[in-house]
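In my numbering, the protein residues as written are -18 to 183.
Glycine is no exception: its CB is placed at the ideal position from the N, C-alpha and C atoms.
Report on one structure; see the data block that follows.
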Ligand code: GAR
């Protein structure tokens, strides 16, 4: 039998990049096999995720609203970066911009996103970062968690791949809940990548 093809992953980030780190670690320790992060695309020129990528010799493309004010130029730049690296799978790991339709269409069922709540609850336009956890606490939820899902044209609406649950404690602040959920994200994101690879026969 021939050698398995190495799956080429582009990771899109905007901030700290702890989910990127979870993927880097899972590939390096062999818990994700036959995959390589071929680039990191950042929507933010000062994201700490950029340093994490550079530390592991992963090429970085910075594509910001500032440099590409016109959405069509930004879209073309993202598509070009993904295509240039012959990307098989796109992972949105704390990517806080909305991907244009042209990119979603070009990579249909090959883009996944990690969201810090149990979708379909607490998703949508205003639900990102700390705001999600504020809403979860305000809604009086006793459970929250993380979701990895395929990206479609809606915001946080695509088919769910995996979820991980954490308790919401009565003493929680949004920051405490965020930290608990983030740990769960780091577990389920590598698992989701493995599941997608299996599902696609990669
Ligand atoms: C993560 O909690 C991720 O789920 C969230 O941003 C954080 C990024 O952390 N994403 C969203 O809210 C998208 N709707 P990281 O940069 O350390 O991976």
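Asked                                                                                                                                                         : Found
Just checking residue -4 against ligand 1 - is the residue's beta carbon closer than 6 angstroms to any of the ligand's heavy atoms?                          : yes
By a C-beta neighbour count over all protein chains shown, 10 Å radius and 16 as the cutoff for buried, is residue 169 buried or exposed?                     : buried
Of the choices 10, 35, 49, 121, whose alpha-carbon is the least far from that of residue 152?                                                                 : 121
I'd like the list of long-range same chain contacts for residue 56, defined as Cβ closer than 8 angstroms, with 5 residues on each side in sequence excluded. : 81, 83, 84
Going by other Cβ atoms of all chains shown within 10 Å of its Cβ, with 16 needed for buried, is residue -13 buried or exposed?                               : exposed
Going by DSSP in three states, residue 127 sits in which element: helix, strand or coil?                                                                      : strand
Does the beta carbon of residue -1 fall short of 6 angstroms from some heavy atom of ligand 1?                                                                : yes
If you draw a straight line from the C-alpha of residue -11 to the C-alpha of residue 123, how long is it?                                                    : 38 angstroms
Once you ignore the five residues that flank residue 133 on each side, which residues in its own chain have a CB closer than 6 angstroms to its CB?           : 139
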